[in-house]
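Just so you know, we're using my numbering here: the sequence shown kicks off at 1049 and counts up by one. Think of the CB as a built atom: it goes at the ideal place given N, C-alpha and C, for glycine as much as any other residue. Reading through the C-alpha cells given below for one structure.
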Amino acid sequence: MPAGRVMVTGAAGLLGQKIIDVFKRESEYELHACDLSGGIDGYFSLDITDRQRVLDVVRAISPSVIINAAAFTDVDRAEVDRELAYKVNATAVDYLAEAAFLFGAKMVHISTDYVFNGLKGNYDENSVPDPISYYGKSKLAGENLLRARLENHAILRTQVLYGFGKSIKKNFVLWVLEKLSNKEKFSVVTDQIGNPTLADELAIAVLKVVQRDAKGLYNVSGVQSLSRFDFAKAVAEVFGIDPSGMSPTTTDRLNQRARRPTNSSFICLKAQTELGLTVPSVRDSLYFMRQQMKVAGVFQPATKTIS
Ligand SMILES: NC(=O)c1ccc[n+]([C@@H]2O[C@H](COP(=O)([O-])OP(=O)(O)OC[C@H]3O[C@@H](n4cnc5c(N)ncnc54)[C@H](OP(=O)(O)O)[C@@H]3O)[C@@H](O)[C@H]2O)c1
C-alpha cells in the first residue's frame, strides 16, 4: 500500500532527478514525475506555465503532495528574459498552488538565497528578503503567491546547488571540473560567500518534509559557508586535480549581468531541529559526488586519498 501519491514537476532537472531517486530508494510513495519536454518514458509532459495543463495533470494524478522542482534558473538570462522568468518562477507557482488547493494536495516548493541582498549573511527564516536580481525577485514573488493561495505548503530555500545527474545544466562544481580537467586558466570570485548544497542532500530534506508533513519556511543548505574560490579549491582537492590554472578574482571584475548577493550564508537550525537533518561537510559531499561520477564512468579520480 503506497504511503501517498507524490507528483514532482521539473523532474528532469538536477534536483528533480535527485528527488525521484531518493523517493524511489527510501520511501513507499507512489511517484508521478513531470518534465517540461515529456521526453522521458513514463513521465508526464508538463509546462507549468500552462494553467489548463497544470489543472488537467493534477486532476489526473490526484496527488497528496506536489513537489515543485521546476524553475527558470538562469540568473543572468532572467535579467533580459523577465517575462518568462516571472511566468515560470511566480505565475506558474500560483497555478500549481491553485491546482493543489482545488484537488486537496499539499505543495512543497523550492526557493533561493537570492531573495536576500547579501549584505549581512547568516540569514534565517525570520530575515527580511530584499532581492537584488530579477531572478531573486521572481522567486520571492513565487513564494508570496504560494503563501497567499495555499496554507498547506512548505518552502525550502536553498543555495549553490550542485551535483551530478543525467543531461543537466552545468552547475558550479561541474563547471570547475571542466575547466580544471581541460587545464584552462580561469578565475573564481573570492567575495561571493554561501553554503554549497549537494542536491542529493536537499532531496533528502524534501523527503523528510513530506514524511513529517512539515509546513512553513525552511532554510536547507550545506553547513559550511565559504567563498566560491575556496569551494573551487575544495573541488580540486577532492577530485585530485591540479588547481594551478585557477586564480582569485572579485565580482566587480566579472561583468555578470545580474547582481549577486555578496554573503548569503544561511542558518539552518530550524531544519536541523525540526526535520532531523544532519548535513555532511563540503568535502564529504564532494567525495560522495565524485563516487557517483566514478560509478557512472564520467570521471576517473586520481589515486590520491582524501583526508
Ligand atoms: N541551481 C542553484 O544553484 C540553485 C540555488 C538556489 C535555489 N535553486 C532552486 O532549486 C530548484 C531546483 O533547481 P535545479 O538546480 O535543479 O534547476 P534545473 O536543473 O535548472 O532544473 C529546473 C527544471 O525545471 C524545468 N523547467 C523550466 N521551465 C519549466 C516550465 N515552464 N515547466 C516545467 N518545467 C520547467 C527545466 O527544464 P529545462 O532544463 O528544459 O529548461 C529543468 O528541468 C529551483 O527552484 C531553483 O530556483 C537553485
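For residue j and residue i, the rounded distance between their alpha carbons
i	j	result
L1222	A1126	21 Å
R1053	S1215	26 Å
P1296	V1106	48 Å
D1124	T1299	14 Å
G1345	V1141	37 Å
R1307	D1239	13 Å
L1274	I1241	5 Å
A1113	A1251	Here residue 1113 turns out to be Val, not Ala, going by the sequence shown. For V1113 and A1251, the distance between alpha carbons rounds to 15 Å.
Secondary structure of residue i, DSSP reduced to three states
i	result
R1130	helix
A1344	coil
E1074	helix
T1353	A caution first: T1353 carries a pLDDT of 36, below 50, which makes its placement in the model unreliable, though a value can still be read off. Note: T1353 maps to coil in three-state DSSP.
Y1356	Coverage of the chain is limited to positions 1049 through 1355, which leaves residue 1356 absent and any answer about it impossible.
Pair within 8 Å by beta-carbon distance, residue i and residue j
i	j	result
S1229	K1187	no
S1333	L1246	yes
N1243	V1271	yes
F1164	S1312	yes
Close beta carbons around residue i, own chain, < 8 Å, minus the five adjacent residues each side
i	result
L1103	Y1143, E1146, A1147, L1150
G1064	V1056, T1057, G1058, A1081, D1083, A1117, A1118
R1260	E1322, L1323
T1353	Note that T1353 scores 36 on pLDDT, short of 50, meaning its location in the model is unreliable and no value can be drawn from it.
Cβ neighbours of residue i in the same chain (closer than 7 Å, five flanking residues each side left out)
i	result
L1255	V1070, F1071, E1074, S1075
F1314	D1161, Y1171, Q1207, N1243, N1267, S1269
Ligand 2 heavy atom lying under 7 Å from the CB of residue i
i	result
V1070	Of the ligands this structure carries, namely ligand 1, none is ligand 2.
Sequence-distant residues of the same chain with beta carbon closer than 6 Å to residue i, five excluded per side
i	result
A1189	A1138
K1227	F1234
Residue interval of the beta strand (DSSP E) (run including residue i)
i	result
S1044	It is not possible to answer for residue 1044, since the shown part of the chain is limited to 1049 through 1355.
I1289	First-last for I1289: undefined, no H or E at that position.
T1321	Unbroken run through T1321 is the alpha helix (DSSP H), 1317-1323; no beta strand (DSSP E).
L1265	1264-1267
N1116	1113-1116
V1054	1053-1057
First through last residue of the alpha helix (DSSP H) which encompasses residue i
i	result
R1308	It is not in any alpha helix (DSSP H) - R1308 carries neither H nor E in the DSSP assignment.
K1154	Per DSSP, K1154 belongs to no alpha helix (DSSP H); it is in the beta strand (DSSP E), 1154-1160.
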